[in-house]
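What follows is a short report on a single structure.
Number of protein chains: 2
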Amino acid sequence: MELKIETEEKILQAAKTVFQQKGFDGCRMQDIADEAGINKALLHYYFRSKDRLFDAVFKDAFRKFFPKVQEIMASDITLEKKLESFIDKYMDLLIDNPMLPIFILNEVNRNPEKITEIINLQVINPNLLFGSIIKEIENGSIRKLDPRHLIISIIGMCIFAFAGKPIIKNFLLNNSEEEYLLFISQRKKEITELVLKSITNIK
Amino acid sequence: MELKIETEEKILQAAKTVFQQKGFDGCRMQDIADEAGINKALLHYYFRSKDRLFDAVFKDAFRKFFPKVQEIMASDITLEKKLESFIDKYMDLLIDNPMLPIFILNEVNRNPEKITEIINLQVINPNLLFGSIIKEIENGSIRKLDPRHLIISIIGMCIFAFAGKPIIKNFLLNNSEEEYLLFISQRKKEITELVLKSITNIK
DNA sequence: GTCTATATGGCGATAGAC
DNA sequence: GTCTATCGCCATATAGAC
Numbered sequence: 001m002e003l004k005i006e007t008e009e010k011i012l013q014a015a016k017t018v019f020q021q022k023g024f025d026g027c028r029m030q031d032i033a034d035e036a037g038i039n040k041a042l043l044h045y046y047f048r049s050k051d052r053l054f055d056a057v058f059k060d061a062f063r064k065f066f067p068k069v070q071e072i073m074a075s076d077i078t079l080e081k082k083l084e085s086f087i088d089k090y091m092d093l094l095i096d097n098p099m100l101p102i103f104i105l106n107e108v109n110r111n112p113e114k115i116t117e118i119i120n121l122q123v124i125n126p127n128l129l130f131g132s133i134i135k136e137i138e139n140g141s142i143r144k145l146d147p148r149h150l151i152i153s154i155i156g157m158c159i160f161a162f163a164g165k166p167i168i169k170n171f172l173l174n175n176s177e178e179e180y181l182l183f184i185s186q187r188k189k190e191i192t193e194l195v196l197k198s199i200t201n202i203k
Numbered sequence: 204m205e206l207k208i209e210t211e212e213k214i215l216q217a218a219k220t221v222f223q224q225k226g227f228d229g230c231r232m233q234d235i236a237d238e239a240g241i242n243k244a245l246l247h248y249y250f251r252s253k254d255r256l257f258d259a260v261f262k263d264a265f266r267k268f269f270p271k272v273q274e275i276m277a278s279d280i281t282l283e284k285k286l287e288s289f290i291d292k293y294m295d296l297l298i299d300n301p302m303l304p305i306f307i308l309n310e311v312n313r314n315p316e317k318i319t320e321i322i323n324l325q326v327i328n329p330n331l332l333f334g335s336i337i338k339e340i341e342n343g344s345i346r347k348l349d350p351r352h353l354i355i356s357i358i359g360m361c362i363f364a365f366a367g368k369p370i371i372k373n374f375l376l377n378n379s380e381e382e383y384l385l386f387i388s389q390r391k392k393e394i395t396e397l398v399l400k401s402i403t404n405i406k
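Chains V and U, in that order, are what the protein sequence lines are. When the letters of the first sequence are read in order and numbered with this note's numbering, they come out as residues 1 to 203. When the letters of the second sequence are read in order and numbered with this note's numbering, they come out as residues 204 to 406.
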């Protein structure tokens, strides 16, 4: 029935919202039922247990956490453009899903074994990007650096602006939501500038 | 009595360990009692409630999360040396407390009001560092940039190496703990290099 | 498929003996 | 100060009517 599918989708959507907000341990099945506007028993009818419902949500979120960068990386633009494009797309993703980083990082640290299962589903090929970077190093067009560290640095700079929101807001921005939004809107440019400056080969 | 103090300290130590590992919601009073090698009722005898015990642990952790940088920033060394010294000390702190970032970030996001209470205890003066940076910009010795973004970038780069450990290990380092430790040991130098390159004023 | 009612277990907290 | 035993509640999960 269409109604069946609609309900299942409604549950997944509600679960996504509540799990991301409160985390697995802090979330109650009742919270999800309320958010979905249905009864608690229906959750178990569709997903059998809290764990299974969580898995469905988590796998989706985890996939999203790693943006589709294959097209960017495979394309024929300069490394600078690739990095700029990556930061641009990743920040957009985080703006739309501000709780995603803290959600993923938290669950993955509380339950590190889980990630090992998921990795099999998730075919990520960092070598495409790494190859791009190494080539530029050999060209001499950027300075010698470890591509893995560069990527981790970029992701860290993007993520912390969101995972650290309450801290940033309080200590740096007078606890003003408005100033925080402004800060986030500047962030793309600031990160891109920082990264591009940092990889230049001028001594 | 000395015994009293010893027990209280034992509880705090155990609570710190377990809360950081599992988070407030995922942690059970029984877990802490086990870790401390005492009875569950004793926890309530000393700290009355889970909330109060958590507050004691959290305040301590939060204070630690912001390293004492006053001396560094107030000293008479170059900005480059200041940043290098900050990264050095902060990374050392995180190496000793690898779960600290995910713990703080998680709790602060789940309960953003809490930070507003704590901020009153915590006198942080970012202006000391910011002033240092702004002066160098006016000197023309570093490029024009927003000091706030620079700091958030540095902290993000440091933190993500730890908060993202399971992900980094799995996707970048063949799930090898040994390689991860190596990666962390290189990280100080990589971040410092990246930061110092990024702020230079050469076009 | 969706609901109400309930079983079952676990957790925070307290009472009370020693 | 430290323990055992227990209360009272709340969360997951199921039974069963509609």
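All residues carry an ideal CB built from backbone N, CA and C; glycine is no exception.
List the residues of chain U whose Cβ lies closer than 9 Å to the Cβ of Thr116/V, in chain order.
Pro369, Asn373 and Asn378
Using a Cβ-Cβ distance under 8 Å, would Gln30/V count as near chain U?
no
Please state the DSSP three-state secondary structure of Leu173/V.
coil
Does the Cβ of Gln223/U have 16 or more other Cβ atoms within 10 Å, making it buried, or fewer, making it exposed?
buried
Contacts around Ile38/V, its chain only, beta-carbon distance under 8 Å, and the 5 residues preceding and following it disregarded
Thr7, Lys10 and Ile11
Are at least three pairs of beta-carbons, each pair with one atom in the region 337-350 of chain U and one in the region 293-312 of chain U, less than 8 Å apart?
no
Phe257/U: first and last residue of the uninterrupted alpha helix (DSSP H) it sits in:
Lys253 to Phe268
Within the present structure, is the beta-carbon of Leu105/V separated from the nearest heavy atom of the ligand MN by less than 7 Å?
Absence of the ligand MN is noted for the structure shown, with no ligands found whatsoever.
Would you verify that the beta carbon of Lys271/U is, or is not, closer than 8 Å to some beta carbon of chain V?
no
Secondary structure of Ser388/U, DSSP reduced to three states
helix
Can you give the Cα-Cα distance for Met204/U and Asp254/U, rounded to whole angstroms?
With a pLDDT of only 49 at Met204/U, under the threshold of 50, the placement of this residue in the model should not be trusted; the figure read from the coordinates follows. If I take the Cα positions, the gap works out to 25 Å.
Tell me the DSSP secondary structure of Val69/V in three-state form.
coil
Neighbourhood of Asn420/U by C-beta, 8 Å cutoff - its chain only, sequence neighbours within 5 removed:
The displayed coordinates of chain U run from 204 to 406. Any statement about residue 420/U would go beyond what the structure contains.
Note down the Cα distance separating Lys188/V from Ser132/V, rounded to an integer number of angstroms.
22 Å
Backbone secondary structure at Leu332/U - three-state DSSP
helix
Within chain V, the residues that Asn330/U reaches when beta carbons sit closer than 8 Å:
Chain V residues near Asn330/U: none, gap ~11 Å exceeds 8 Å.
Identify each residue in the region 351-362 of chain U for which the Cβ-Cβ distance to at least one residue of chain V is less than 7 Å, and report them in chain order.
Arg351, His352, Ile355, Ser356, Ile358, Gly359, Met360 and Ile362
Which chain V residues sit within Cβ distance under 7 Å of Asn342/U?
In chain order: nothing, as chain V lies at least about 18 Å away.
Residue interval of the alpha helix (DSSP H) (run including Met232/U)
Met232 to Ala239
Looking only at its own chain, which residues have a Cβ that is under 8 Å from the Cβ of Gly358/U, when we skip the five neighbours before and after it?
Note that residue 358/U corresponds to Ile in the displayed sequence, not to Gly. Excluding sequence neighbours, Ile358/U sits near Tyr293.
Count the other CB atoms, across all protein chains shown, that sit within 10 Å of the CB of Arg110/V; report buried if there are 16 or more and exposed otherwise.
buried
Leu182/V: buried (16+ other C-beta within 10 angstroms of its C-beta) or exposed?
exposed
Would you mind sorting Ala244/U into buried or exposed? The rule is 16 or more other CB atoms within 10 Å of its CB.
exposed
Give every residue of the same chain whose Cβ lies closer than 8 Å to the Cβ of Ser75/V, excluding the five residues on either side of it in the sequence, and list them in chain order.
Lys82
Determine the burial state of Ile402/U: buried for a count of at least 16 other Cβ atoms within 10 Å of its Cβ, exposed for fewer.
buried
Please confirm if Arg110/V has its CB atom under 8 Å from at least one CB of chain U.
yes
Own chain partners of Glu179/V with C-beta closer than 7 Å, once the 5 adjacent residues on each side are dropped:
Leu173
Compare the Cα-Cα distances from Tyr249/U to each of Ala218/U, Lys338/U and Ile275/U and report the closest residue.
Ala218/U
According to DSSP, is Ile202/V part of a helix, a strand, or is it coil?
coil
Burial state of Ser153/V (16 or more Cβ within 10 Å)
buried
Which residue comes first and which comes last in the alpha helix (DSSP H) that contains Arg143/V?
No alpha helix (DSSP H) contains Arg143/V, which DSSP labels as neither H nor E.
Here's the rule: buried if 16 or more other CB atoms are within 10 angstroms of the residue's CB, otherwise exposed. What is Glu287/U?
buried
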